[in-house]
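Residue numbers (the working numbering): 1332 to 1506.
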């Protein structure tokens, strides 16, 4: 598990320097993580796509687990109100005819365009999901409801990258 102190040089950018297609690059000691975002649709009916790409720029095989957490925390600029959001239920729905989905408060909100290797949720009252993730683990629950107003969860994506190769995870988030 890599911690923020393990991060090397990072960079933020807009496509062609000005287009509203943001990206962030983190260098994790030769394992590079690029996060890109794109929103499509009207204000009332939009979907945000996030692509997370791990690229191995080292000279050895890199393997591990990439976790994507779903937490009840709103991160906003200082001039907007942030804080905690009520999450009373979280459920993993495996891929069938549709992509794998995480339902939050009964709504399909986080669609994974490739199936994750694992999912787990836990009540925030007994500790954030980050407790397990820091140990390289997921909580055991695939569905959690009536466990307070704050639930967190995470998806796990295994990777094994030979030098020069990459792997992407694409998530669609409905509004």
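We put the CB at the ideal spot given by N, CA and C, even for glycine.
### Message
Less than 9 Å between the C-beta atoms of residue 1397 and residue 1490, yes or no?
### Response
yes
### Task
Closer than 6 Å by C-beta to residue 1370: which residues in its own chain qualify, once you throw out the five before and the five after it? Chain order, please.
1377 and 1379
### Query
With respect to the alpha helix (DSSP H) encompassing residue 1445, which residues constitute its N-terminal and C-terminal limits?
Unbroken run through residue 1445: none, as it is neither H nor E.
### Query
Would residue 1486 pass as a contact of residue 1447 if the rule is Cβ separation under 9 Å?
yes
### Message
Going by beta-carbon coordinates alone, are residue 1381 and residue 1460 separated by less than 9 Å?
### Response
no
### Query
For residue 1364, which residues of its own chain have a beta-carbon under 6 Å away from its beta-carbon, when the five flanking residues on both sides are left out?
1357 and 1385
### Query
Hey, is residue 1505's beta-carbon within less than 9 Å of any beta-carbon in chain D?
Protein chains in the displayed structure number just one, and chain D is not present.
### C-alpha distance - residue 1445 paired with residue 1430, whole-angstrom precision
7 Å
#### Entry: Close beta carbons around residue 1366, own chain, < 6 Å, minus the five adjacent residues each side
1355 and 1383
### Query
CA-CA distance, residue 1484 and residue 1499?
20 Å
### Query
With a CB to CB cut of under 8 Å and the five nearest residues on each side skipped, what residues in its chain are close to residue 1338?
At residue 1338 the pLDDT is 47, less than 50, meaning the model places this residue with poor confidence; the figure from the coordinates comes in the next sentence. These residues qualify, in order along the chain: 1357, 1358 and 1359.
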